[in-house]
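What follows is a single structure, written as C-alpha cells, with notes after it.
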Amino acid sequence: MRLSRYYAPTLKEDPADAEVVSHKLMLRAGMIRKLTSGIYTFLPLGLRSLNKAARIVREEMDRAGALEILMPGVQPADLWQETGRWEVYGKELLRFKDRHDRDYCLGPTHEEVVTDLIRHEVRSYRQLPLNLYQVQFKFRDEIRPRFGLMRGREFLMKDAYSFDRDEEGANASYKAMYEAYCRIFTRLGLQFRAVEADTGSIGGNYSHEFMVLADTGEDTIAACMACEYGANLEKAEAVSPECAKPAVCAAYEQVPTPGAHTVEEVAKFLGVEPSQVVKTLLFDVDGEPVAALVRGDRELNDVKLKNALNATNVALATSEQVQAWTKAPVGFAGPVGLGVKTVLADRELAWGTDWVVGANAADAHLKHVDLDRDATLTRYADLRSVTEGDPCPKCGKPLSLTKGIEVGHVFKLGYKYSEAMKATFLDEQGKDRIIFMGCYGIGVSRVVAACIEQNHDGGGIAFPPALAPFEAAVLCLDTKGEPLAKAEELYAWLNAQGIEAVLDDRDERPGVKFKDADLIGYPMQIVIGGKGLGRGVVEVKDRRTGEKAELPVEGFQEAFTTWRGKVAEGWAGR
RNA sequence: CGGGAUGUAGCUCAGCAUGGCUAGAGCGCUGCGUUCGGGACGCAGAGGCCGGAGGUUCGAAUCCUCUCAUCCCGACCA
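Rendered as C-alpha cells:
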C-alpha cells in the first residue's frame with residue numbers, strides 16, 4: 005500500500021475526550037473515529053488490525069473443531085422471554101419495536117438465538133457434539149461506555165456455543181476451547197492469564213476469564229505467585245486461617261460513639277483496631293433486607309454476597325431503608341437485635357470474638373460482642389474480597405493482586421438455556437435428554453485495544469507483528485531519483501515475499517514519516533534515503549526496541565530476512 | 001441514575017469573573033517561494049449561527065433559565 009494514496013489520518017495532539025492510552029493512540033494513529041459515545045468507525049488501519057485479530061481467532065476456532073455461522077444482530081423478544089432474560093437483563097439490552105409493535109432487541113449475546121436454532125435442528129445424539137461460533141458486532145447499552153474500544157457499546161465479538169450430550173462431553177468441549185484460547189492469545193502476542201471467574205448474567209456454574217495484564221484494566225485479579233491459581237477478585241476465595249476462637253468474652257455493653265459513623269472513626273474513638281470492629285452492611289437483595297457482616301478492615305464483595313444468596317439483584321440499601329430496618333441513622337447498624345431475617349457473616353468472623361458492632365441506635369456501638377452468643381446469624385459465608393498477601397486457596401502461598409483486561413471468557417453453561425428452551429435430543433435408548441451447553445466469548449475489538457495498552461511507548465504504538473495493520477513500512481525519504489527507485493524495488497520485493505508493507509511515498513519531510521511510522525507502530529521500519537544509499541546501506545529499525553541496524557544494499561534480501569527473524573524472536577521472547 | 005467538568009475554526013485551546021467596535025492563537029488545510037535524515041520557515045489565503053432554545057440588556061461567546069452532547073468519578077464500605 006502506498007501511503008500517498010492511503011487514508012491514515014494521524015493526529016499530532018491528544019484528542020480531548022480520550023483518557024486511556026489505547027484510546028488516544030488509536031485515535032491519533034488514524035485507526036478509529038468516534039461516531040457517538042461508545043460507538044466507533046474503524047478506519048483502514050484499524051480495520052486491518054481488527055481483521056487480523058479476527059483471522060487468528062477464526063483459524064484457532066476452526067482448528068478446535070468449531071464451525072462458523074452468522075446469526076442476526078436483531079433478535080425477537082419472545083426468545084428472551086422464554087429464558088426469562090427479557091426481564092433480568094436490564095437496561096443493557098437495547099429494546100425497540102418494529103412497525104407491528106412487536107418487541108425486539110439488539111443482540112448483546114446470542115445464547116437464545118443459537119439455542120433456538122439447535123432445538124429445531126438437533127434430534128439425535130449422533131449430531132452431537134457440536135460447536136458453532138460467529139464473529140459479529142454486539143450491542144450492549146453500557147451504563148457508562150468508556151476508554152474507547154475497551155468498553156464500547158458496539159463491539160466485535162467472537163462467540164462460540166458448544167452442545168454436548170452430557171457434562172462429560174461438555175468438559176471436553178470446554179477444555180478444547182480453553183486450549184484454543186490459550187493458543188489464540190499467545191499468537192496475538194498478548195501477555196495474559198486465565199483465571200477462575202464469576203459467571204455474571206450469562207449464567208452457568210463454571211468459568212474462566214482470560215485477562216490481559218495491564219494497569220488500566222477494569223478488573224482486579226488475584227494470582228498466586230507460587231502456583232497456577234488465578235481468579236477474578238469476584239471469585240477469588242478468601243481463606244481464613246483456622247485458629248482457635250478465644251473462649252472468653254465479657255458480656256456486651258453499649259457505649260456512646262457520638263458522630264462516629266465509619267469504621268475508622270469508631271475504631272479511633274474507642275481506641276481499638278479497625279480489625280476488631282465488625283462492619284454491618286445492609287442490602288436490598290431481590291427486594292428483601294439482608295445484612296452482611298465483614299471485619300472492619302475488609303472489603304465486602306457484593307458478587308460473593310449475591311452468589312451466597314443465589315440472588316439476582318443486590319443493591320446497597322438506601323439510607324431510608326437502613327433507617328427503617330435498624331431504627332437508627334446510617335452508620336450504627338449492628339447484628340445484635342437486628343430485625344433483619346437474613347444475616348450473613350464473613351467466614352473470617354467465626355474465628356474471633358470480642359467485637360465492636362453498631363448498636364442500632366444513634367451515636368452508639370456495642371463492645372464485647374460475641375457473634376455466636378449475642379447475634380442471630382443465618383450462616384457464615386465467603387463474603388470478603390481477598391487482599392494482597394492473603395493465602396492462596398490452592399497452595400497457601402501469598403496472593404498478589406493485579407489489574408487485567410478481560411478479553412475472553414469461557415463458560416460451562418449446563419442446562420440453563422437448553423432446558424428453558426427445550427433443546428433436547430434422543431439418546432441411544434430413544435430417551436429424550438437435554439443438551440448440555442457451553443459458551444465462549446472473545447472481545448475481538450477489545451483485544452486490539454488491550455494489545456495497545458500492553459505495547460506502546462512515548463512515540464506511539466508498538467504493534468506485535470500478529471496484530472500490526474502492516475508488518476513493515478518502507479520510509480522513502482526522497483521521493484525522486486535513486487531513493488524512490490530503490491524504495492519501490494524493496495517494496496515490491498516485500499510484497500512478493502508476502503510481507504504486508506506500506507510504502508511511504510508521500511511528499512512529506514522525513515521527520516513526518518518517522519513520527520507517523522512510530523505512531524502507527526509498524527513492527528519494522530525500512531528507511532531509504534540518499535545518505536544511506538550513498539554508503540551502500542539501508543537503515544532498518546525494530547519498532548519495539550527502537551534498535552536500528554544498517555543492512556547492505558547488496559545482499560539486502562538475505563540480510564533483511566535474518567533481521568526480520570530477530571525482530572520476530574524479540575517479540576516471542578518477551 | 002448521583003457527583004464533577006467541558007462544549008468557541010478540521011484538531012488542541014485562549015477569550016467569559018468585570019457584557020461593548022471586525023472573535024483570536026498554534027497545529028492542520030489551499031497557493032507561492034525557500035527548505036528536505038526525527039512533526040521546517042516566510043508570505044498570502046480559506047475556514048466560526050461561540051452546542052441548541054428562550055430570556056435579561058441599547059448591546060450577549062461572555063449574565064440568567066431550560067435543553068442537548070461529550071468526558072471523568074461513583075453507582076458496595078453506612
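Reading the first sequence from the start, the letters are residues 5 to 578 in our numbering. The beta carbon of each residue, even a glycine, is placed where N, CA and C say it ideally should be.
Just to check my reading of the structure: residue i and residue j have Cβ atoms closer than 8 Å, yes? What is that Cβ distance to the nearest angstrom?
i: P260; j: D394; result: Actually they are not in contact, since the Cβ atoms of P260 and D394 sit about 35 Å apart, beyond 8 Å.
i: A427; j: T119; result: 5 Å
i: A226; j: L403; result: 5 Å
i: T224; j: L237; result: 4 Å
i: R32; j: L15; result: 4 Å
i: S244; j: M441; result: No, S244 and M441 are not in contact; Cβ-Cβ is about 35 Å, not under 8 Å.
i: V126; j: I439; result: 7 Å
i: A453; j: M154; result: 5 Å
Note down, in chain order, each residue of its chain lying with its Cβ closer than 7 Å to the Cβ of residue i, except the 5 sequence neighbours on either side.
i: S128; result: F429 and L430
i: L387; result: A296, V298, L304, N305, K308, L309, A312, L348 and D350
i: T87; result: E116, Y421, A424 and M425
i: D102; result: Y108
i: P333; result: Q327 and A366
i: K490; result: I532 and L537
Just to confirm the assignment, what range does the beta strand (DSSP E) spanning residue i have?
i: Y11; result: Per DSSP, Y11 belongs to no beta strand (DSSP E) and is neither H nor E.
i: M65; result: Note, M65: premise wrong, no beta strand (DSSP E); alpha helix (DSSP H) at P48 to R67.
i: M528; result: M528 to I532
i: F287; result: V282 to V289
i: V541; result: V541 to D546
i: L481; result: That residue, L481, is in no beta strand (DSSP E); it is neither H nor E in DSSP.
i: R388; result: Careful: R388 lies outside any beta strand (DSSP E) and carries neither H nor E.
i: L39; result: I36 to T40
i: L74; result: L74 -> no beta strand (DSSP E), and no H or E assigned at all.
i: P556; result: K552 to P556
So, at 6 Å on beta carbons, what are the nonlocal neighbours of residue i in its own chain, with the 5 sequence-adjacent residues on each side left out?
i: K310; result: V318
i: R169; result: Y129 and L132
i: G412; result: Y185, F214 and I446
i: Y256; result: L370, H372, V373 and D378
i: A385; result: A312 and L348
Excluding sequence positions up to five away, which residues of its chain have a Cβ less than 8 Å from the Cβ of residue i?
i: A68; result: N135, A180, M181, E183 and A184
i: R383; result: L348 and A349
i: W84; result: W90, Y93, L97, C109 and E116
i: V544; result: M528, Q529, I530, V531, K552, A553, E554, L555, F564 and W567
i: R197; result: F214, M215, L217, I225, A227, G234 and G408
Does the Cβ-Cβ distance between residue i and residue j come in under 7 Å?
i: P531; j: L479; result: Just to set this straight, residue 531 is Val in the shown sequence, not Pro. The answer is yes: Cβ separation under 7 Å.
i: F151; j: H265; result: no
i: M65; j: L49; result: no
i: M528; j: V557; result: no
i: R157; j: I43; result: yes
i: T346; j: V294; result: yes
i: H212; j: A230; result: no
i: V344; j: V281; result: no
i: A477; j: D508; result: yes
i: I147; j: I60; result: no
i: Y137; j: K416; result: no
i: G464; j: L29; result: yes
i: K283; j: V267; result: yes
i: A315; j: D290; result: yes
i: L381; j: A337; result: no
What residue range is occupied by the uninterrupted alpha helix (DSSP H) comprising residue i?
i: I456; result: V448 to Q458
i: D120; result: E115 to E125
i: A563; result: F560 to A576
i: V25; result: V25 to R32
i: L274; result: V267 to L274
Secondary structure, beta strand (DSSP E): runs of 3+ residues fully inside the region 192 to 263:
Here the runs fully enclosed are 196 to 200, 210 to 217, 223 to 228, 234 to 236 and 257 to 260.
Any alpha helix (DSSP H) of 4 or more consecutive residues that is wholly inside the region 408 to 442:
Within the region 408 to 442, the complete alpha helix (DSSP H) runs of at least 4 residues are 420 to 424.
Which runs of the alpha helix (DSSP H), 4 residues or longer, sit entirely within the region 296 to 344?
Runs of the alpha helix (DSSP H) inside the region 296 to 344: 306 to 313 and 323 to 330.
Which runs of the beta strand (DSSP E) spanning at least 3 residues fall entirely within the region 492 to 524, listed in chain order?
Counting only unbroken stretches of 3 or more residues, the beta strand (DSSP E) elements lying wholly within the region 492 to 524 are 505 to 508, in sequence order.
Which runs of the beta strand (DSSP E), 3 residues or longer, sit entirely within the region 132 to 197?
Those beta strand (DSSP E) runs which fall completely within the region 132 to 197 and span 3+ residues are 134 to 143 and 158 to 168.
Ignoring anything shorter than 4 residues, give me the alpha helix (DSSP H) runs that lie fully in the region 82 to 115, in order along the chain.
Listed in chain order, the complete alpha helix (DSSP H) runs (minimum 4 residues) inside the region 82 to 115 are 89 to 92.
Extract the residue ranges of the beta strand (DSSP E) inside the region 343 to 377, only unbroken runs of 3 or more that lie entirely within it.
Within the region 343 to 377, the complete beta strand (DSSP E) runs of at least 3 residues fall at 346 to 350, 359 to 362 and 368 to 373.
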